[in-house]
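Novice: Sharing a structure, written as structure tokens. Questions coming.
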Amino acid sequence: KTTVSAATVDLSHLPRVKQEMVMPPMAPKHEQVATGGPKIVEVSFVTEERLMVVDEDTDAKIWALTYNGSVPGPMIIVHEGDYVELTISNPENSVFEHNIDFHASTGALGGGGLTHVLPGEEAVLRWKATKPGVFVYHCAPGGAMIPYHVCHGMNGAVMVLPRDGLKDGDGNALTYDQIAYIGEQDYYLPMDEDGEYIQYESAGEDYSDSLDAMRTLIPTHSVFNGAVGALTGENALKSKVGDTVLMIHAQANRDTRPHLIGGHGNFVWEGGSFTDSPQTGMETWFIRGGSAGAAMYTFEQPGVYAYVNHNLIEAVLLGASAHFVVEGEWDNDLMEQVVAPRPMGV
Amino acid sequence: KTTVSAATVDLSHLPRVKQEMVMPPMAPKHEQVATGGPKIVEVSFVTEERLMVVDEDTDAKIWALTYNGSVPGPMIIVHEGDYVELTISNPENSVFEHNIDFHASTGALGGGGLTHVLPGEEAVLRWKATKPGVFVYHCAPGGAMIPYHVCHGMNGAVMVLPRDGLKDGDGNALTYDQIAYIGEQDYYLPMDEDGEYIQYESAGEDYSDSLDAMRTLIPTHSVFNGAVGALTGENALKSKVGDTVLMIHAQANRDTRPHLIGGHGNFVWEGGSFTDSPQTGMETWFIRGGSAGAAMYTFEQPGVYAYVNHNLIEAVLLGASAHFVVEGEWDNDLMEQVVAPRPMGV
Amino acid sequence: KTTVSAATVDLSHLPRVKQEMVMPPMAPKHEQVATGGPKIVEVSFVTEERLMVVDEDTDAKIWALTYNGSVPGPMIIVHEGDYVELTISNPENSVFEHNIDFHASTGALGGGGLTHVLPGEEAVLRWKATKPGVFVYHCAPGGAMIPYHVCHGMNGAVMVLPRDGLKDGDGNALTYDQIAYIGEQDYYLPMDEDGEYIQYESAGEDYSDSLDAMRTLIPTHSVFNGAVGALTGENALKSKVGDTVLMIHAQANRDTRPHLIGGHGNFVWEGGSFTDSPQTGMETWFIRGGSAGAAMYTFEQPGVYAYVNHNLIEAVLLGASAHFVVEGEWDNDLMEQVVAPRPMGV
Ligand SMILES: [Cu+2]
Ligand SMILES: [Cu+2]
Ligand SMILES: [Cu+2]
Ligand SMILES: [Cu+2]
Ligand SMILES: [Cu+2]
Ligand SMILES: [Cu+2]
Ligand SMILES: [Mg+2]
Ligand SMILES: [Mg+2]
Ligand SMILES: [Mg+2]
Ligand SMILES: [Mg+2]
Ligand SMILES: [Mg+2]
Ligand SMILES: [Mg+2]
Ligand SMILES: [Mg+2]
Ligand SMILES: [Mg+2]
Ligand SMILES: [Mg+2]
């Protein structure tokens, strides 16, 4: 055990709080500006292996590897200086060993080296949030299992807020009315000779086929929140004119370029670090594979906004699209349909 | 109609100017620093479907979908606070419905929701330029037609200048002597079993094959201004030592990384927003798929400069190369051929 | 000869120093803050074509094209205002003509136009380092030979330090204890019908097959310092808690996204320019294909850190992984294994 010879630390004076994990695209309850001093924030992850539909239309399914059953895993939110204390449990009936690497943490492969839990095991890891920003976490059991687990959905994001909240480049406070937590997942689903997605009986049965598919580097699907359509139709995100949304975009493996059709990134932390000033007025921002970034926008018009990976092939043919449905009053100064489509030469 | 219930706006007090569209790589006449107050800038786009040669050497052709006949579509230039009033017309003999999504605008899917013109129709859209920067526009008729139209050339760029012009990070004015407007286009041309590009009789006939090719995410061509060689040889860009060029690079779908061989990006707005300070002294800059960026350079040496997508496979094998031919005096202080190639050991 | 008609420059008053080239991941001896005025720094490159093992496990080999025998080529370090004077020699027994394009230089295709050396030839090029930053250099003999040579290893990096050294965004001096110079190389190795890598008898014999493989844009390997495992095991990088490493990452052709597992980029010059403030606290940074960037980190915990391209498929299946082995005392405040893995419900 790495820590055996290290000096013990006594954190018993710190308050402890439990953070209830919620399903994406929701974010857990949190303060934007921290009240009080550093805390130990307790969270629990159960590693769940489950068959998930990726695309109903083509009957594409995957034995997803997850934290708490969702792709991406739940978002954790703390403030700089807080401690995250994670209990990770791997159910008896799991096929795989799992662990967790927090990009936000320091040492031991992001905690990956201290959290290898076999089926039926649990472990507890505590790490201090010293870097404000949004960061990916993911499973990293070793060797080819690393991309295999990550490309089967086993990843998510942590947000470490500055204690005094977000700021623009001039130091003015920035606040948001809601968070939209979007995890983009690249899947590499094996196909049979007829181009049909192969159906597997249990987790891990696709291992060898998956590695072959992954080696092409071309995903069969790139989806938001686990499946095609997970954030459209009935599941569309909702907002209203005047409201400010903080869009957290995590991609644990593959580069992506989010764009809000009809809107912008007013303040964008592309690299995800809150110690850097946000970029402003962006049309499309870039999330490096293996990172999370944040973009803030205040809606000015009602209607439907599509939020997409702006490689439009990936957005439309591979699945990387979400919708915001925004209520409010239309502003004809910003945009007006002067002449609706009509026969030419009228 | 979305705008029915909205308050009317009266812009009749604003001056109106027509902006004549010119072919890329040219930019329309414009002021770098705005004189006077906001204007309504009128522009006209005709959606033209035409057979274009992509690469003479391999007889690769595409039924391009265009605005005004060119790939990319014409550049529009306005100042922050101006209004763009676009008339979009779709000729009777078109195969497809078209529309336009301006990333620079706000609401209604960037205007896409208000401009669906069938063959024989026209529409007029007005939007206010509130965000300074360079921005992509493109057709987005819905569903798989979105990447299909975009990957058939139906995209271009708008530049929204700050009213008082461009600035460096310290607030000093930056001006340019010329604009080079480069649209990089990824094409996914279907091939037959012998590896020959399939020849289609009319626009849209390649639809199903194209979707199959696009799904690979690997373009057969990535070209500047519509075709291999469109900006080399007789069509090379021209400049001279001491002159400053503003290179606008638009890529509506796929990431790219422009590089000026033998030069640099002295001031680079990678993300394309003029509310952010430009990066400086760059060797290679990154344009996210679905965005436009700008780079400014002042030539210091005469000769030929290649301007490339610095994935050199894409530059050379897929077509993403242009040339600048620069007149002037060589500066031996900056670079000198001390010994010309000669037999070793002389 | 381009320079015939140009005014001569007399640099005979400048001191001359020879910089001994060392093998990557080492950097040549240098001052972080320059003492004295500008110098002429003499370096020598020999273009060596040699059969290299890319991956022992699959017997993948390549007839690499190199500068001084290594992939990447040796790092050159100078200060802004210094002159690099390179002697480039191409041995008699070479197959190919070679040259060199320095992204850090100005004019003549980065010197590429002045350094075409046939087998048995040598040339001398001098250029002034006017832009501080880290920059790629590479062979660029013309046409399809450009990506062919670059994708066969013929590239490396120059670092041009500000005369007064590196600075953070507030102007405070930043110094490092060591440099880790990592060149990421994408290889496109031709395979036979059984999926075995084809063995070629001599340099260049793979030319036509290689172009076919490159056109897919999907590398068979993406490795650090020339081969799978070149920076792991016995060849792992070494450091200690409290030491600061400057990681220089060069990729001459293909985008990549470095990440230090268990650590961070405390200061990151993603675009590689030292005239821009470094980004801070990054989880993963982005190196545009055709560029070099720098990231600085001070180790806070002992143990093994993997340094990877965080497309984890590329890291694990294609080879883009290195290791740092770091000595020192574990800090339980930053991270503690509160409960080691144990059976659940104990
Ligand atoms: Cu796992
Ligand atoms: Cu990671
Ligand atoms: Cu269209
Ligand atoms: Cu768009
Ligand atoms: Cu060469
Ligand atoms: Cu280059
Ligand atoms: Mg169905
Ligand atoms: Mg740290
Ligand atoms: Mg981040
Ligand atoms: Mg021909
Ligand atoms: Mg707006
Ligand atoms: Mg832009
Ligand atoms: Mg072996
Ligand atoms: Mg220069
Ligand atoms: Mg660089």
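Chains as they are written, first to last, in the working numbering: chain S, 15 to 360; chain Y, 15 to 360; chain V, 15 to 360.
All C-beta atoms in this analysis are idealised placements derived from N, C-alpha and C, irrespective of residue type, glycine included.
Which residue spans inside the segment 238-293 of chain V form an unbroken beta strand (DSSP E) run of at least 3?
Specialist: 251-254, 258-265, 272-274 and 279-283
Novice: Would you check if the distance between the CB atom of L231/S and the CB atom of I232/V is smaller than 7 Å?
Specialist: yes
Novice: If P357/S and G134/Y are in contact, beta carbons under 8 Å, what's the gap, nearest whole angstrom?
Specialist: 6 Å
Novice: Tell me whether L79/S counts as near ligand 1, meaning its Cβ is closer than 6 Å to at least one heavy atom of that ligand.
Specialist: yes
Novice: Under a Cβ-count criterion, where at least 16 other Cβ atoms within 10 Å of its own Cβ denotes burial, should D24/S be classed as buried or exposed?
Specialist: exposed
Novice: Could you tell me whether any Cβ in chain S is nearer than 7 Å to the Cβ of P86/Y?
Specialist: With its beta carbon at least 7 Å from every one in chain S, P86/Y lies outside the interface.
Novice: Is D206/S buried or exposed, if buried means 16 or more other CB atoms sit within 10 Å of its CB?
Specialist: exposed
Novice: Do you know offhand how far T164/S's Cα is from A244/Y's?
Specialist: Before going further, note that residue 164/S is Val rather than Thr in the sequence given. For V164/S and A244/Y, the distance between alpha carbons rounds to 42 Å.
Novice: Would you call the segment 161-178 of chain V and the segment 187-207 of chain V in contact, with 3 or more CB pairs under 8 Å?
Specialist: yes
Novice: Helix, strand or coil for E135/V per DSSP?
Specialist: The answer is strand: DSSP assigns E135/V an E or B state.
Novice: Could you tell me which whole alpha helix (DSSP H) segments of length 4 or greater appear in the segment 157-219 of chain V?
Specialist: 159-164
Novice: Compute the distance between the beta-carbons of W299/Y and G277/Y, then report whether it is under 7 Å.
Specialist: In this structure, W299/Y lies away from G277/Y, with their beta-carbon atoms at least 7 Å apart.
Novice: Could one say the Cβ of S287/V lies closer than 7 Å to chain Y's Cβ atoms, at least one of them?
Specialist: yes
Novice: So, is the C-beta of R140/Y closer than 7 Å to a C-beta in chain S?
Specialist: yes
Novice: Quick check: the Cα distance between E63/Y and N239/S, rounded to an integer number of angstroms?
Specialist: For E63/Y and N239/S, the distance between alpha carbons rounds to 37 Å.
Novice: Any beta carbon of chain Y sitting closer than 7 Å to that of T120/V?
Specialist: Yes, T120/V lies at the interface with chain Y (some Cβ there is under 7 Å from its Cβ).
Novice: For H27/V and chain S, any beta-carbon pair shorter than 7 Å?
Specialist: No, H27/V does not count as interfacial toward chain S.
Novice: Between the Cα of P355/S and the Cα atoms of T129/Y, K32/Y and D226/Y, which residue gives the shortest distance?
Specialist: T129/Y
Novice: Cutting at 6 Å between CB atoms, please list the residues of its own chain near H27/Y, excluding the five before and the five after it.
Specialist: Shown here for H27/Y: not one same chain residue has a beta carbon closer than 6 Å to its own, the five before and five after excluded.
Novice: So with Cβ pairs under 7 Å, would you call S365/Y a contact of chain S?
Specialist: As displayed, chain Y neither begins before 15 nor continues past 360, which places residue 365/Y out of reach and without an answer.
Novice: Anyone know if the C-beta pair for G179/S and V31/S falls short of 7 Å?
Specialist: No. Outside cutoff.
Novice: Can you give me the C-alpha to C-alpha distance between A154/S and H112/V, rounded to a whole angstrom?
Specialist: 42 Å
Novice: Helix, strand or coil: which one does DSSP assign to L326/V?
Specialist: helix
Novice: Quick one, which of M37/V, P29/V and E34/V has its alpha-carbon nearest T49/V's?
Specialist: P29/V
Novice: Identify each residue in the segment 96-107 of chain Y for which the Cβ-Cβ distance to at least one residue of chain S is less than 7 Å, and report them in chain order.
Specialist: Residues passing the 7 Å Cβ filter: E99 and S103.
Novice: What are the partner residues of Q351/V, as DSSP defines its beta bridges?
Specialist: L139/S
Novice: Candidates S335/S, N186/S, H117/S and V237/S: which alpha carbon is nearest V322/V's?
Specialist: H117/S
Novice: Note down the Cα distance separating V242/V from L175/S, rounded to an integer number of angstroms.
Specialist: 38 Å
Novice: Between which residues of its own chain and V67/S is the CB-CB distance below 7 Å, once the five residues before and five after are set aside?
Specialist: K75 and A241
Novice: Cβ atoms of T294/V and T258/V: under 7 Å apart, would you say?
Specialist: Contact flag unset, no.
Novice: Start and end of the beta strand (DSSP E) containing S103/V?
Specialist: Y97 to S103
Novice: Could you compute how far the alpha carbon of T144/V sits from the alpha carbon of K53/V?
Specialist: 13 Å
Novice: Taking Cβ to Cβ, would you say G304/V is nearer than 7 Å to R271/Y?
Specialist: yes
Novice: The beta strand (DSSP E) spanning A78/Y covers which residue range?
Specialist: Following the DSSP letters along the chain, one finds A78/Y inside the beta strand (DSSP E) bounded by residues A74 to Y81.
Novice: Could you give the residue range of the beta strand (DSSP E) that holds D69/Y?
Specialist: I54 to D69
Novice: To the nearest angstrom, how far is it from the Cα of I327/S to the Cα of R229/Y?
Specialist: 7 Å
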